[in-house]
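In the working numbering, the protein residues as written are 4 to 185.
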């Protein structure tokens, strides 16, 4: 018997199993507006959910979604209860490390687009509250830990260096653009 994650299988079975150990989810809200918290139409909600599905599928290969009810307290102590859709995706550790910065950035962008104070992102059972980036402000991501929020460092995307051939091609393309502008 061989272990794959926490599953014991035979060597024959291991050949047919693909292990995706990293679980992550984006919780899509059904409201819009930080202060007003207006419900959006079903069409808008479907569009939001499809955007999240498409993004997670492109980055990690698939998704599962579940309709639920979520709630929170606004800064003015008003309780908000809303319909949400939790879009979950599983990935390999390598794919997660490669794309985690992009995921957090995109969750922040969705927060701006959806006019949210924050958007919930779940990773391996930990809930992160991602505040949308404001112009000139540092991105903030908070981890819900017990009853308090803890600031955590936002992962950066890995920048790849261009090869000499790529640099030459880029330089040539820039020269062509400059000539066309003249």
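By construction, the Cβ of each residue, glycine as well, lies at the ideal position given by its N, Cα and C atoms. If you're wondering where the values come from, they're calculated on a predicted model, not measured in any experiment.
Whether residue i touches residue j by CB criterion (8 Å)
i, j, result
"residue 63", "residue 91", "no"
"residue 7", "residue 99", "no"
"residue 10", "residue 94", "no"
"residue 32", "residue 119", "yes"
"residue 42", "residue 117", "no"
Distance between residue j and residue i (C-alpha atoms, nearest Å)
i, j, result
"residue 105", "residue 30", "17 Å"
"residue 165", "residue 176", "15 Å"
"residue 129", "residue 172", "44 Å"
"residue 127", "residue 179", "48 Å"
"residue 102", "residue 14", "31 Å"
"residue 114", "residue 167", "38 Å"
"residue 57", "residue 12", "33 Å"
"residue 34", "residue 81", "14 Å"
"residue 20", "residue 5", "12 Å"
"residue 174", "residue 108", "29 Å"
Sequence-distant residues of its chain with Cβ nearer than 8 Å to residue i (five each side left out)
i, result
"residue 139", "Reliability of the predicted coordinates at residue 139 is poor, the pLDDT of 49 falling under 50, and the value obtained from them is presented with this limitation in mind. Nothing meets the Cβ criterion."
"residue 141", "Below a pLDDT of 50, predicted positions are generally treated as unreliable, and residue 141, at 47, falls in that range; the measurement from the model is reported next regardless. Nothing meets the Cβ criterion."
"residue 110", "29, 122, 124 and 133"
"residue 78", "120"
"residue 96", "24 and 25"
"residue 39", "none"
DSSP three-state assignment for residue i, whether helix, strand or coil
i, result
"residue 119", "coil"
"residue 100", "helix"
"residue 141", "Here the model assigns residue 141 a pLDDT of 47, short of 50, so the residue's position is not dependable, and the following value carries that caveat. The answer is coil: DSSP assigns residue 141 none of H, G, I, E or B."
"residue 35", "strand"
"residue 56", "helix"
"residue 111", "helix"
"residue 42", "strand"
"residue 28", "strand"
"residue 95", "coil"
"residue 164", "coil"
"residue 15", "helix"
"residue 173", "helix"
"residue 178", "helix"
8 Å contact criterion, which residue i and residue j should meet: CB distance rounded
i, j, result
"residue 71", "residue 89", "6 Å"
Own chain, CB closer than 6 Å to residue i, minus 5 neighbours either side, in chain order
i, result
"residue 84", "74"
"residue 135", "111, 114 and 115"
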